[in-house]
Amino acid sequence: MKSTQAGFAEFEGRAGQAARTLLRNQGHDGGWGLTLTSVSSIVNTSEVLHVLRAAGIAGQPVRRGLDFLTGAIPEHSRPRPKGGRGEHTRFIAFGLSGLLSHPRFLHHSGVAEAAAWCVGWLEDQQVDHGWPEVLGLDDTSLHQTALVVHRLAELRGVLHDLGPGLRLPGGVGTTDLLERVGPLIDHGARGLLYHRRRSGAWGWRTYVDTDPSPSKTALCLLALSAVRAGTGPDGGPAYRDDPQETGGVHGSAQHKRLSDVVAEAGQWLLHNHHRWETFVEDDKDVQGTAWEHMAYALCVQAAVRAGAGPRDPRLATAWKLMNGLWDTEAGLWNEPGASGKRATIRAAYYTVSAYEEAVQRLARMSLADSACADAGEASAETVITRIAFGRGRTVLVDARDSEGSVACELSDRLFDVVKAVHGAPEGRLTTERIAAALFVAPSSVPKYVQRINQAVSAAFGGAPARLLVACTVDGVGGYRLAGR
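All letters in the sequence shown, in the order written, are residues 1 to 484 by full-length UniProt numbering.
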């Protein structure tokens, strides 16, 4: 598959143009709606914040968007007779997603308090095996439970990165909040596993033996992948990958590791690509609004997260569709539909999420290929054995067979990357965590790593040298310090 067909080469420029379009159309209240002229909503404002982050944009527009969310989350979640929009779990799940889109803004006024409020709401509204679509219904919603688990796992990661014992604005303590988040993740993850099919997929409804749902399978895959991705307070995995009971809802249970569940769901999506590659899947369980999943993009993101190569032929049709949905005049992506194409924030969010996942994966594959090529010339590469930090932005690098340390001065941003990885357990950190620590888009991280290694190589007189090496961290892509 040619890159021009998939749109990989154009993605960065299009993401930037989409961000500029969205900034020009930010509402007076700081939020965004489904289209550029719609009333602001929690869901679409959160989606825009992720698009802005992917484009490397922060500053005042993000602060205004966060201000909208901190006020809207509790207000929208009130019962309709009391002036709210209904007690829907999606307001909490998407609200958390937006609050965490720019982790450094957790110190912004009201953000930590709103996140803690969401955690309290989720504590109070648990049902068997997850969370409902709307309060008053006992049935668990796969859609909402997957969203909640995904965002709670992200919150756990942000709190771990901030460190224990930190008091955030509004009196929110990182340790206290972490202790509350852990049991909620366990509750939701067990619920998702309970509803898993033996095929590796999930159905479009809970408790009822319906046809498999590509969108629900993708959402559950992404949530369980996020659960596995973090580290715990002791530096070990945040979630032990021990065999767990799965599939009890439809007969005898199996025992599967979370890593196997994610991998098998990815394989199901690839094998059944014809079911979703051009498909928009509606969700009749969602009350009060017509809900649609851009399955063609959501399933691509999930398949790549589970290990598929972005250029896998089974993804080609979906990439071609997404590439063709770019609307140059609107400066945004369209979503397909029976009524004709229209540019929406929902389409932009799904599409950007898929492309960002693919770009990160391609960067890791490229680095891995380089590492393999370098392995054939191991004798020519400078083998780094230890690093230390000197004055200012200087990294002191020791190498095998070298006499003394070699000083390498880096720019502020590159130095921050090295410090972030060095401070992580075992000198390993996921790409997402590096991006969050630096407040940049994850797709930018491989570029910084390449510049760091070029700077270190120059410090050794041009001899090949790598200070940061691509690796897998807790089941997802990341980087480690050489010599670790």
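Using N, Cα and C, we set each Cβ at its ideal position, and we do this for glycine too.
If you drop the 5 nearest sequence neighbours on each side, which residues of the same chain put their C-beta closer than 7 Å to that of residue i?
{"i": "histidine 108", "result": "Arg63 and Leu66"}
{"i": "histidine 150", "result": "Leu222, Ala223 and Ala226"}
{"i": "arginine 104", "result": "Phe439"}
{"i": "valine 304", "result": "Pro310, Glu357, Ala358 and Arg361"}
{"i": "leucine 429", "result": "Ala420, Val421, Val473, Gly478 and Tyr479"}
{"i": "glutamate 377", "result": "Any reading at glutamate 377 is ruled out, since the residue's pLDDT is 42, under 50, leaving its predicted position unreliable."}
{"i": "serine 457", "result": "Ala463, Pro464 and Ala465"}
{"i": "alanine 263", "result": "Ala306 and Gly307"}
{"i": "glycine 324", "result": "none"}
By how many angstroms is the C-alpha of residue j removed from the C-alpha of residue i?
{"i": "alanine 465", "j": "glutamate 113", "result": "45 Å"}
{"i": "glycine 392", "j": "alanine 116", "result": "37 Å"}
{"i": "valine 172", "j": "leucine 159", "result": "11 Å"}
{"i": "valine 76", "j": "glutamate 335", "result": "The sequence shown places histidine at residue 76, rather than the valine named in the question. Using only the alpha carbons, I get a separation of about 26 Å."}
{"i": "isoleucine 185", "j": "glycine 136", "result": "22 Å"}
{"i": "leucine 122", "j": "threonine 385", "result": "47 Å"}
{"i": "glutamine 26", "j": "leucine 36", "result": "8 Å"}
{"i": "valine 359", "j": "glutamine 17", "result": "17 Å"}
{"i": "threonine 431", "j": "proline 81", "result": "45 Å"}
{"i": "residue 488", "j": "alanine 388", "result": "Nothing can be reported for residue 488: it is not among the residues displayed for the chain, which extend from 1 to 484."}
{"i": "aspartate 474", "j": "valine 286", "result": "33 Å"}
{"i": "threonine 89", "j": "leucine 321", "result": "31 Å"}
{"i": "histidine 274", "j": "asparagine 44", "result": "28 Å"}
{"i": "leucine 100", "j": "histidine 422", "result": "24 Å"}
{"i": "tryptophan 202", "j": "glutamate 277", "result": "17 Å"}
{"i": "valine 397", "j": "proline 169", "result": "39 Å"}
{"i": "glutamine 60", "j": "valine 476", "result": "32 Å"}
{"i": "glycine 33", "j": "aspartate 283", "result": "19 Å"}
{"i": "glycine 331", "j": "glutamate 292", "result": "22 Å"}
{"i": "serine 97", "j": "valine 134", "result": "18 Å"}
{"i": "isoleucine 345", "j": "phenylalanine 94", "result": "14 Å"}
{"i": "valine 249", "j": "arginine 198", "result": "11 Å"}
Looking only at its chain, what residues have a beta carbon closer than 6 Å to the beta carbon of residue i, apart from the 5 residues adjacent to it on each side?
{"i": "residue 485", "result": "Given a span of 1 to 484 for the chain in the structure shown, any question on residue 485 remains unanswerable."}
{"i": "proline 183", "result": "none"}
{"i": "leucine 106", "result": "Ala112"}
{"i": "threonine 472", "result": "none"}
{"i": "tryptophan 319", "result": "Ala6"}
Going along the chain, which residues of its own chain have a beta-carbon closer than 8 Å to the beta-carbon of residue i, five neighbours each way excluded?
{"i": "isoleucine 57", "result": "Ala19 and Leu23"}
{"i": "histidine 255", "result": "Pro243, Gln244, Glu245 and Thr246"}
{"i": "threonine 140", "result": "Val127, Asp128, His129, Gly130, Trp131, Pro132, Gly191, His195, Thr206 and Tyr207"}
{"i": "asparagine 453", "result": "Ala465, Arg466, Leu467 and Leu468"}
{"i": "cysteine 118", "result": "Ile73, Ile92, Gly95, Leu96 and Leu99"}
Which whole-angstrom value is the C-beta distance of residue i and residue j, which I expect to be below 8 Å?
{"i": "glycine 266", "j": "alanine 302", "result": "7 Å"}
{"i": "valine 449", "j": "valine 417", "result": "7 Å"}
{"i": "glycine 188", "j": "leucine 152", "result": "7 Å"}
{"i": "phenylalanine 68", "j": "glycine 30", "result": "4 Å"}
Check your understanding: At which residue ranges does the stretch 374-452 contain complete beta strand (DSSP E) runs of 3 or more residues, listed in the order of the chain?
Key -> Entirely contained in the stretch 374-452, the beta strand (DSSP E) runs reaching 3 residues are, in chain order, 384-389, 394-399, 406-409 and 428-430.
Exercise for review: Inspect the CB distances between the stretch 187-195 and the stretch 126-135 and report whether three or more fall short of 8 Å.
Suggested key: In this structure the stretch 187-195 touches the stretch 126-135; the number of beta carbon pairs closer than 8 Å is three or more.
Point to revise | Three CB pairs or more closer than 8 Å across the stretch 295-311 and the stretch 235-246 | key: Contact between the stretch 295-311 and the stretch 235-246 is absent: fewer than 3 CB-CB pairs across the two stretches fall below 8 Å.
Check your understanding: What residue ranges within the stretch 41-84 form continuous alpha helix (DSSP H) runs of no fewer than 4 residues, ordered along the chain?
Key -> 42-54 and 60-76
Exercise for review: Could you tell me whether the stretch 341-351 touches the stretch 47-54, where touching means 3 or more Cβ pairs closer than 8 Å?
Suggested key: yes
Point to revise | Contact the stretch 305-325 vs the stretch 262-277: 3+ CB pairs below 8 Å | key: Counting Cβ pairs under 8 Å, three or more are found: they touch.
Review point. What are the start and end residues of each continuous alpha helix (DSSP H) run of 4 or more residues lying completely inside the stretch 98-176, in chain order?
Key: 111-124 and 142-162
Point to revise | Any 3 or more C-beta pairs closer than 8 Å across the stretch 208-220 and the stretch 151-168 | key: Segments in contact, no.
Practice item. Pick out the complete alpha helix (DSSP H) segments inside the stretch 295-342, 4 residues or longer, and give them in chain order. Key: 295-305 and 316-324
Practice item. Tell me the start and end of each unbroken beta strand (DSSP E) in the stretch 229-280 that is at least 3 residues and wholly inside, in chain order. Key: 244-246 and 254-256
Review point. Can you list, in chain order, the stretches of the alpha helix (DSSP H) that have 4 or more residues and sit fully within the stretch 172-210?
Key: 174-194
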